[in-house]
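Protein chains in written order, with the numbering used here: chain X, 1 to 249; chain E, 1001 to 1249.
Glycine included, each C-beta is placed from N, C-alpha and C at the ideal position.
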DNA sequence: ATCTTCAGATTGTTCAACAATCCTTCGATT
DNA sequence: AATCGAAGGATTGTTGAACAATCTGAAGAT
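So, in structure tokens, the structure goes:
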């Protein structure tokens, strides 16, 4: 869904005939100076592709042809190209020179690698602790997960889980760590659509998150870090099992 | 230096008149199948800019005009643009919409941020230990630093120091962590040209590296990690001092 | 002195062209 | 029949030109 929505407002039918058209994507703020960050077309293409990748509309391994995407989104091939460079730097797609761009697919080694990064940054952030607001965000993610579990909404449960781990990293207050974590989570999302894990899978995580959060709130940072580490190890094993089963298609 | 070398071999004088010219950048290997990764022009532009950034030829805050760079390197504007997207994703340049691309400059907050990332990934990698070969690489970097110090080569000393920390992260055997560390070190290189620190500055680091390496080699991973953490804290403080002095231009 | 207007420069984006490369198909050879 | 190699088509890589949108800075008006 949302696959063929044009990114440009739809006034681009015959681009050259209109001389000095009315401003298209100006969003001109008459009074203030603050421009609220109007994303460029290339960025919006990247955003759209990121969204479709996260939704599973573009499955891992799929080839992304430049001209097709350009037509579908109503932009030029060069703009798609810029978006591809960005997505490739985030490891969401892989560029094979002269062959094309493909949706990234996590192999067994990649899973371990991703979890190595997660262990590094999540444990580090947790061990350093955070402000009360930061911890409140972690707690909020735990409660969000509980609600999702009560509503038997697996999708929401997965989202809450990502919020939980995102909140842990956010405790460090580091834009760079947040950005790295965001990319890692995006990579995992890419993979998760292959295996819709059962509810018990997540239920287990839910309890772990609660325990970790409690340890954090009581100031037992080292214990919280150890718990998180164990959690990540188990999560990696779980994912590998799922991968071993689902990876034989 | 090496600022105006064209990236394309120089057969690009009149690009349209020649129909079916001889292969320009083919590097065709007659026998084998293995193509040794011929970098695209955009990648080479990014490489060249990265190099000039690391060398300090493009100082922080400097504006990089698309057409100028395109002319200097003998490539098209669109290609430069692709390179800019990549460099921006590495935080080596900053893009101001409709205003241009500027060489990134680390502010005080950025320094702390960079060190937060380093603490996370270096300590994590060190704590997990590594194979004998990995540790040998760490040791080699220490010796490299000693030689550079003996030769009073500050440049080489800085390089050896980066090798040391790179080798520590490489112990984790994680391509993603290596890539992150590479970017972080590139960011720091960008900054280091502002302050050519004195020899004693590095001498101190040299002893720390030796101590950390010894702890690692004797299997005292936790102690090595603690030492590294302390080292990074001190290094951050040092850098902030230097920044406070030199940043007043 | 402050505001507006205007021109110049640069970025953002598109388009069209072509070269280089890859993949496939189809013969030709052994 | 199997293998090899040569067209052919499709797609990527790269360029150059064009133009709209935006920013910058300077000249002019209030």
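Alpha-carbon to alpha-carbon, residue 86 of chain X and residue 153 of chain X: 32 Å
What do you get for residue 1060 of chain E, buried or exposed, if any count of 16 or more other CB atoms within 10 angstroms of its CB means buried? By the neighbour-count rule (16 or more Cβ atoms within 10 Å), residue 1060 of chain E is buried.
Do residue 1106 of chain E and residue 1191 of chain E count as a contact pair if the criterion is CB distance below 9 Å? Here residue 1191 of chain E is near residue 1106 of chain E, since their CB atoms are less than 9 Å apart.
Consider the Cβ of residue 1030 of chain E: report whether some Cβ of chain X lies at a distance smaller than 9 Å. Only weak support is given to the placement of residue 1030 of chain E: the predicted model assigns it a pLDDT of 35, under 50, and the question is left unresolved by the model.
So, under 8 Å CB-CB, residue 221 of chain X and residue 129 of chain X are touching, yes? Tell me the CB distance rounded to an integer number of Å. 5 Å
Does the beta-carbon of residue 26 of chain X have 16 or more other beta-carbons within 10 angstroms, so that it is buried, or is it exposed? Because the pLDDT of residue 26 of chain X is 37, which lies under 50, any placement of that residue in the model is unreliable, and the question is left without a value.
Chain E contact for residue 230 of chain X (CB, 9 Å cutoff): no
Residues of chain E with CB closer than 7 Å to the CB of residue 113 of chain X, please, in chain order. Simply 1174, 1175 and 1176.
Residue 1101 of chain E by DSSP, collapsed to three states: which one? strand
Can you find the residues in the same chain that come closer than 8 Å, C-beta to C-beta, to residue 186 of chain X, ignoring five residues on each side of it along the sequence? 50, 53, 54, 90 and 92
Out of X/229, X/108 and X/117, state which residue places its alpha-carbon closest to the alpha-carbon of residue 179 of chain X. X/117
Any idea if residue 1032 of chain E is buried or exposed, counting beta-carbon neighbours within 10 angstroms, 16 or more meaning buried? With a pLDDT of only 34 at residue 1032 of chain E, under 50, the local geometry of the prediction cannot be trusted, and no value is derived from it.
Is the stretch 99 to 113 of chain X touching the stretch 161 to 179 of chain X, taking contact as three or more C-beta pairs under 8 Å? Touching, no.
According to DSSP, simplified to helix, strand and coil, what is residue 1152 of chain E? Three-state DSSP puts residue 1152 of chain E in coil, outside helix and strand.
Distance between beta carbons of residue 123 of chain X and residue 206 of chain X, contact taken as under 8 Å: Incorrect: roughly 20 Å between the Cβ atoms, too far for contact.
For the stretch 1052 to 1092 of chain E, list the alpha helix (DSSP H) runs that are entirely contained and at least 4 residues long, ordered along the chain. 1066 to 1073 and 1077 to 1089
Does the beta-carbon distance from residue 1148 of chain E to residue 1159 of chain E come in below 9 Å? Cβ distance < 9 Å, so residue 1148 of chain E and residue 1159 of chain E count as in contact.
Cβ closer than 7 Å: which chain E residues qualify as neighbours of residue 81 of chain X? 1082
Identify each residue in the stretch 1209 to 1235 of chain E for which the Cβ-Cβ distance to at least one residue of chain X is less than 7 Å, and report them in chain order. none
I need the boundaries of the alpha helix (DSSP H) containing residue 39 of chain X, first residue and last residue. Here residue 39 of chain X belongs to no alpha helix (DSSP H), and DSSP marks it neither H nor E.
Excluding the 5 residues flanking residue 211 of chain X on each side, which residues of the same chain have their C-beta closer than 8 Å to its C-beta? 227
From residue 1125 of chain E to residue 1067 of chain E, what does the alpha carbon distance come to, in whole angstroms? Rounded to whole angstroms, the gap between the alpha carbons of residue 1125 of chain E and residue 1067 of chain E is 43 Å.
Using only the alpha-carbon positions, how far apart do residue 1071 of chain E and residue 1237 of chain E sit? 41 Å
What residues of chain E sit near residue 254 of chain X, judged by a beta carbon separation below 7 Å? The structure shown does not extend to residue 254 of chain X, since chain X spans only 1 to 249, so no value can be given for it.
Grab the span of the alpha helix (DSSP H) containing residue 1179 of chain E for me, first residue to last. 1175 to 1192
May I ask you to list the residues that DSSP assigns as paired with residue 1139 of chain E? Answer by DSSP bridge pairing: none, since residue 1139 of chain E is not bridged.
Taking Cβ-Cβ distances shorter than 7 Å, what residues in chain X pair up with residue 1040 of chain E? Neighbours of residue 1040 of chain E on chain X, chain order: 97.
Listed from N- to C-terminal order along the chain, which residues in the stretch 116 to 130 of chain X have their beta-carbon within a distance smaller than 8 Å of any beta-carbon of chain E? Residues passing the 8 Å Cβ filter: 116, 117, 119, 120, 121, 123, 124 and 125.
Residue 1241 of chain E burial status per 10 Å Cβ neighbour count (16 or more: buried): With fewer than 16 other CB atoms across the displayed protein chains lying within 10 angstroms of its CB, residue 1241 of chain E is exposed.
Selected residue, minimal CA-CA separation from residue 139 of chain X, among X/218, X/235, X/64 and X/151: X/218
Since residue 126 of chain X is in the alpha helix (DSSP H), which residue starts that stretch and which ends it? 108 to 128
Is the shortest distance between the beta-carbon of residue 184 of chain X and the beta-carbons of chain E less than 9 Å? With 9 Å as the cut-off, residue 184 of chain X counts as an interface residue toward chain E.
With a threshold of 7 Å on Cβ separation, who are the neighbours of residue 1080 of chain E within its own chain once the five nearest residues in sequence on each side are excluded? 1045, 1066, 1069 and 1070
So that I know if they touch, is there some Cβ in chain E lying closer than 9 Å to that of residue 69 of chain X? no
Does the beta-carbon of residue 974 of chain E have 16 or more other beta-carbons within 10 angstroms, so that it is buried, or is it exposed? Residue 974 of chain E lies beyond the range of chain E shown here (1001 to 1249); nothing can be said about it.
Neighbour flag for residue 1168 of chain E against chain X, beta carbons, 9 Å: no
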